[in-house]
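The structure appears right after this line, and notes come after that.
Residue numbers (this note's numbering): 22 to 188.
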């Protein structure tokens, strides 16, 4: 485990607490718990979002996943976005949807498309290399490491995090 990482048990407790708040505010997160290999437990949310793609509003299905990265011992974030015709958005289209405008090279160093370690299919995954150090700065003051983690990445993605999670 990275010196700044978190034990898998802490991750499991955090996703359970996060899921409880999600249930209270009807936010749609579901937990998939693997009793035999707890490091394979994860959170998932699916929703439909209207995106402006090249000047045209398009209804897309979005799937978000928060899973435990064993190598870095941190929460990791993955997602996919499909148009209504079933085609995946490209990484460049994902970059253009970001709330903050960052250079292509910088974006690609943060988000890559790769085989998901749990699902075995291509997903966009936020690279976990700096997550442990970032979370270490907030860990002592964090009530829930998942809320802290998501609050750090939501500006990059169009994922709304209701204020109730922080209360």
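Every residue, glycine too, gets a C-beta built ideally from N, C-alpha and C.
Distance check between residue 81 and each of 187, 185, 179 and 184 places 179 closest, using alpha-carbon atoms only. Assignment of alpha helix (DSSP H) within the segment 24-95, counting only whole runs of 4 or more residues, yields 29-46 in chain order. Where residue 111 is concerned, there is no enclosing alpha helix (DSSP H), because DSSP gives it neither an H nor an E. When secondary structure is reduced to three states using DSSP, residue 162 falls in the helix class.
Only buried fits residue 32, as 16 or more other CB atoms lie within 10 angstroms of its CB. At least 9 Å separates the beta-carbon of residue 68 from that of residue 52.
Pairing residue 101 with residue 85, the inter-Cα distance amounts to about 7 Å. For residue 127, the enclosing alpha helix (DSSP H) stretches over residues 125-131.
Residue 186: not part of any beta strand (DSSP E); DSSP gives it neither H nor E. Closest option to residue 111, judged by alpha-carbon separation, among 186, 143, 26 and 87: 143. Between residue 28 and residue 88, the C-beta gap is not smaller than 9 Å, which leaves the two residues out of contact.
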